[in-house]
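Going from the sequence shown to our numbering is simple: count from 1 and add 3.
One structure is given below, encoded as structure tokens.
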Amino acid sequence: MVSLNKLIIPIALVIVMGLIGTTACRADEKSINKDQAWDIVKKDILKEQPGNRVVYLNNLALNANQEIKCWGDVQKVPANFHQAWLFFVDDQPDANWGHQCRYVFVDLKTGKYQVNNSLNPPDSLDGMTKIYPPTDAK
């Protein structure tokens with residue numbers, strides 16, 4: 004029978020190597036942060052001309068297929084996005100609802116995006132931050 008003392012060191016080495024391997028894999032993964040995602044939205048979706056639009060950013064990344072409840076509607080994070088940043092773009096902020104708006108999902112790994120056109124805002128802007136126009140703009 005093998006003594007417990009002889010097994011402790013090999014088991015400890017396996018655990019440590021597993022942790023090192025996991026950390027190394029995470030360090031290699033590309034991740035799009037909020038600022039990079041906002042740059043993508045400005046450049047590709049808003050064409051560097053945000054105009055009088057109002058843009059909100061969800062404070063936390065959302066998971067694939069996660070639902071965002073909207074007035075009489077539901078938006079979903081694309082299934083092929085592991086996680087995504089959500090931008091809500093109000094294209095006509097001075098109008099009553101029933102006007103053009105967009106839900107923009109930016110994939111955290113690839114920076115690819117999907118734009119869902121809508122006529123309805125989310126049920127709540129809780130958990131979202133207004134990023135445009137800047138609150139300090141005069």
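All C-beta atoms in this analysis are idealised placements derived from N, C-alpha and C, irrespective of residue type, glycine included.
Just so we're clear, the structure is a prediction, and the values are computed from it rather than from any experiment.
Original post:
In chain order, which continuous runs of the beta strand (DSSP E) of length 3 or greater are located wholly inside the segment 67-102?
Top reply: If we require 3 residues or more, the beta strand (DSSP E) runs fully inside the segment 67-102 come out as 70-73, 76-79 and 86-93.
**OP:** Go to residue 47, then tell me how far its alpha helix (DSSP H) extends in each direction, as first and last residue.
**Re:** The residue given as residue 47 occupies position 44 in the sequence shown. Note, residue 47: premise wrong, no alpha helix (DSSP H); not H, not E.
Original post:
Could you check where the beta strand (DSSP E) with residue 120 kicks off and where it finishes?
Top reply: For the purposes of this step, residue 120 is taken as residue 117 along the sequence shown, with counting starting at 1. Here the beta strand (DSSP E) through residue 120 covers 116-121.
Original post:
Between which two residues does the beta strand (DSSP E) harbouring residue 134 extend?
Top reply: As a position in the sequence shown, residue 134 is number 131, starting the count at 1. Membership of residue 134 in the beta strand (DSSP E) is indicated by the continuous run 131-135.
Original post:
Helix, strand or coil: how does DSSP classify residue 189 here?
Top reply: The question about residue 189 has no answer here: the residues shown for the chain are numbered 4 through 141.
**OP:** Figure out for me which residue from 86, 70, 38 and 58 has the closest Cα to the Cα of residue 111.
**Re:** Position 108 of the sequence shown holds residue 111. Considering only alpha carbons, the answer is 86.
Original post:
Of the choices 107, 125 and 131, whose alpha-carbon is the least far from that of residue 73?
Top reply: Taking the sequence shown and counting its residues from 1, the one referred to as residue 73 is at position 70. That would be 125, whose Cα lies nearest to the Cα of residue 73.
**OP:** Return the bridge partner residues of residue 111 from the DSSP annotation.
**Re:** Here the question's residue 111 lines up with position 108 in the sequence shown. Answer is none; residue 111 lacks a bridge partner.
Subject >> Buried/exposed call for residue 98, threshold 16 Cβ in 10 Å >> reply: Walking along the sequence shown from the start, residue 98 turns up at place 95. With fewer than 16 other CB atoms across the displayed protein chains lying within 10 angstroms of its CB, residue 98 is exposed.
Subject >> Minimum C-alpha distance to residue 138 - residue among 59, 39, 43 and 38 >> reply: For the purposes of this step, residue 138 is taken as residue 135 along the sequence shown, with counting starting at 1. Ranked by Cα distance from residue 138, the options 59, 39, 43 and 38 are led by 59.
Subject >> Own chain partners of residue 95 with C-beta closer than 7 Å, once the 5 adjacent residues on each side are dropped >> reply: Taking the first residue of the sequence shown as position 1, residue 95 is located at position 92. Result list for residue 95: 102 and 103, in chain order.
Original post:
Quick one, are the C-beta atoms of residue 132 and residue 83 less than 8 Å apart?
Top reply: One-based indexing of the sequence shown puts residue 132 at position 129. One-based indexing of the sequence shown puts residue 83 at position 80. Here residue 132 is not near residue 83, since their CB atoms are 8 Å or more apart.
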